[in-house]
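Residue numbers (the working numbering), protein chains in the order written: chain A, 33 to 267; chain B, 0 to 248.
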């Protein structure tokens, strides 16, 4: 058994509470519970993508094109479908992605990785509604660089996905990795958490050159349930 | 240097008992849209503790005014209400600059959506969506028309209680939340299969907004108060930090 070790002054300085600090009383209150999740429902588009619902109300819409002309990095198109437990495309799904820039840095003050610059023309966030007929969703973005993971273990380039729809009671989180990054994927600390090697492939989008606007398309289908169910994460 | 709780700090593990299970057969659509296999639990990395940062100038001046933001040749029909509240994290800290997006049907129970076929009338002056950022105290406010109840295809005579949908984006990707707000006293609340996907009575009560007479606008609008709690974010403790000590600043 490990013996307890006294924390260093530096560590104590980072605590949210300190011995002898009168604010300790507040920290002893019971945690509040997170507000319960509810399904986004069939009409999620009204709120998050009103143009898809059939009307144009906001001057500025949050959409599925993440790149600007000056954005650095390799242009890619992501295309796929979300499939239910019997393989039917979910045609009322809404997806969001969150990713690092081409240098592997997130546009957020919490990312302080040394030696990686911010790209002012790239937020790294987008949302897409699937097509009501085909169920196909698309994103126009760039391929992200690798991001430092926990304990100094580099994560392979990846894009974080969040999926909501009618019938999904709590938003689903997954990650998309890249088929042309086989070496990096093999070392990725998150992929390696997945005990079943056959399931790891559900996170890897297949690169198809010569398609899409910039010439590169990644196909990423998400299976909510059943054969080859996509790996979802409790983050 | 003490790290900011708004920086790269980890989120508390999600308490799954606070939420509905993915598979909730009384809500039929969930049956084929629920993962059967266990979620893989991840310790937070930068991918989970960061999230998009929104600026006030990205939103329009009427984006939080659902009474006026689609008014074409008059005012929308229905009960005028103000909805307001605070967004905190589980440790009681305000979640500042959170993006709050809301959407709803009109007073007849009809959504302005090309897939909604309900017989309830569309209101030419009501759109049904709005958005805003929380202030320094985690406070948000918007005004709207109280939505109506409506029938939906689950069992043949299921009705949704009046509700407003919410999507919240806070400090980290792990804090993302979608939920629905209900109204105190609505007699449909006990029978809603979607609300009752939540297995916990206390958590259900947490989604029911209370009439707030102190915020009524005299001779104009009633008000409802709805507070929201997002995942708690703590300071980084020992090693196993989300990012190593390679910080130049």
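Don't be surprised by glycine CBs; every beta carbon is placed ideally from N, CA and C.
Residue i burial status per 10 Å Cβ neighbour count (16 or more: buried)
| i | result |
| --- | --- |
| residue 67 of chain A | buried |
| residue 36 of chain B | exposed |
| residue 146 of chain A | exposed |
| residue 165 of chain A | exposed |
| residue 228 of chain B | buried |
| residue 73 of chain B | exposed |
| residue 217 of chain B | exposed |
| residue 232 of chain A | buried |
| residue 264 of chain A | buried |
| residue 69 of chain B | buried |
| residue 33 of chain A | Because the pLDDT at residue 33 of chain A is just 41, under 50, the model does not fix this residue reliably, and the value given afterwards should be weighed accordingly. Looking at its Cβ environment, which holds fewer than 16 other Cβ atoms inside 10 Å, residue 33 of chain A is exposed. |
| residue 97 of chain A | exposed |
| residue 34 of chain B | buried |
| residue 116 of chain B | exposed |
| residue 228 of chain A | exposed |
| residue 218 of chain A | exposed |
| residue 250 of chain B | The requested residue 250 of chain B does not occur in the structure, where chain B is confined to residues 0 to 248. |
| residue 120 of chain B | exposed |
| residue 239 of chain B | Low per-residue confidence applies at residue 239 of chain B: pLDDT is 48, beneath 50, and the placement is therefore not dependable, though the value from the model is reported in the following sentence. Classification for residue 239 of chain B: exposed. |
| residue 159 of chain A | buried |
| residue 201 of chain A | buried |
| residue 107 of chain B | buried |
| residue 241 of chain A | exposed |
| residue 2 of chain B | Any answer about residue 2 of chain B is weak, because its pLDDT of 41 lies below 50 and its placement is not dependable; what the coordinates show is given next. Buried, since its Cβ has 16 or more Cβ neighbours within 10 Å. |
| residue 143 of chain B | buried |
| residue 91 of chain A | exposed |
| residue 184 of chain B | exposed |
| residue 118 of chain A | exposed |
9 Å Cβ cutoff met for residue i and residue j
| i | j | result |
| --- | --- | --- |
| residue 110 of chain B | residue 91 of chain B | no |
| residue 272 of chain B | residue 71 of chain A | No answer is possible for residue 272 of chain B: the residues shown for chain B start at 0 and end at 248. |
| residue 69 of chain A | residue 18 of chain B | yes |
| residue 150 of chain B | residue 161 of chain B | no |
| residue 48 of chain B | residue 181 of chain A | no |
| residue 191 of chain A | residue 238 of chain A | no |
| residue 188 of chain A | residue 226 of chain A | no |
| residue 222 of chain B | residue 80 of chain B | yes |
| residue 189 of chain B | residue 136 of chain B | no |
| residue 174 of chain B | residue 164 of chain B | no |
| residue 205 of chain A | residue 267 of chain A | yes |
| residue 31 of chain B | residue 120 of chain A | yes |
| residue 89 of chain B | residue 230 of chain B | yes |
| residue 216 of chain A | residue 249 of chain A | no |
Best match in the options for proximity to residue i [C-alpha to C-alpha]
| i | options | result |
| --- | --- | --- |
| residue 256 of chain A | A:116, A:140, A:229, A:189 | A:116 |
| residue 170 of chain B | B:14, B:45, B:208 | B:45 |
| residue 100 of chain B | B:166, B:48, B:53 | B:166 |
| residue 14 of chain B | B:204, B:207, B:198, B:213 | B:198 |
| residue 135 of chain A | A:175, A:119, A:214 | A:175 |
| residue 155 of chain B | B:143, B:25, B:206 | B:25 |
| residue 83 of chain B | B:231, B:219, B:209 | B:209 |
| residue 177 of chain A | A:138, A:202, A:99, A:207 | A:138 |
| residue 254 of chain A | A:211, A:207, A:230 | A:207 |
| residue 139 of chain B | B:107, B:188, B:86 | B:86 |
| residue 260 of chain A | A:80, A:230, A:222 | A:230 |
| residue 157 of chain B | B:206, B:168, B:214, B:187 | B:187 |
| residue 74 of chain A | B:98, B:9, B:114, B:8 | B:114 |
| residue 204 of chain B | B:182, B:213, B:211, B:214 | B:182 |
| residue 110 of chain A | A:214, A:215, A:210 | A:210 |
| residue 177 of chain B | A:79, A:185, A:40 | A:79 |
| residue 61 of chain B | B:185, B:207, B:125 | B:125 |
| residue 156 of chain A | A:95, A:214, A:118 | A:95 |
| residue 96 of chain B | B:233, B:16, B:168, B:22 | B:168 |
Original post:
Counting Cβ pairs, one atom from each stretch, are 3 or more of them under 8 Å apart for the region 166-178 of chain A and the region 61-78 of chain B?
Top reply: no
Checklist entry - Counting Cβ pairs, one atom from each stretch, are 3 or more of them under 8 Å apart for the region 181-201 of chain B and the region 50-64 of chain B? => result no
Please list, in chain order, the residues of the region 17-35 of chain B that have any C-beta partner in chain A closer than 9 Å. 17, 18, 19, 20, 21, 22, 23, 26, 27, 28, 29, 30, 31, 32, 33, 34, 35
Just by C-beta distance, which residues in the region 190-210 of chain B are closer than 8 Å to chain A? 193, 194, 196, 197, 199, 201, 202, 203, 205, 206
Contact set between the region 56-71 of chain B and chain A, restricted to residues whose Cβ is under 8 Å from the partner:
57, 58, 59, 62, 68, 69
- Determine contact between the region 82-102 of chain A and the region 133-150 of chain A, defined as no fewer than three beta-carbon pairs at a distance below 8 Å. no
Selection of the region 89-119 of chain A by Cβ proximity to chain B, strictly under 7 Å:
89, 90, 91, 92, 116, 117, 118
Taking 8 Å as the cut-off, does the region 107-126 of chain A touch the region 191-205 of chain A (at least 3 CB pairs, one atom from each stretch)?
yes
Pair every Cβ in the region 101-121 of chain A with every Cβ in the region 131-143 of chain B, then say whether three or more of these pairs are closer than 8 Å. no
Return the residues of the region 157-191 of chain A that lie within a Cβ-Cβ distance of less than 8 Å from chain B, sorted by chain order.
157, 164, 179, 180, 181, 182, 183, 184, 187, 190
Query raised in the report: According to a CB-to-CB cut-off of less than 7 Å, which residues of the region 129-147 of chain B neighbour chain A?
Result: none
What are the residues of the region 162-173 of chain B that lie near chain A, defined by any Cβ-Cβ distance shorter than 8 Å? 164, 166, 170, 171, 172, 173
By the 9 Å beta-carbon criterion, what residues does the region 208-226 of chain A contribute toward chain B? 221, 222, 225, 226
### Task
Could you run through the region 103-116 of chain B and flag, in chain order, every residue whose CB is less than 9 Å away from some CB of chain A?
103, 104, 110, 111, 112, 113, 114, 115
Which of the residues in the region 58-85 of chain A, read from start to end, lie with their CB under 8 Å from any CB of chain B? 58, 59, 61, 63, 64, 65, 66, 67, 68, 69, 70, 71, 72, 73, 74, 75, 76, 77, 78, 79, 80, 82, 85
_Positions along the region 238-263 of chain A whose CB lies within less than 7 Å of some CB in chain B_ = 256, 257, 261, 263
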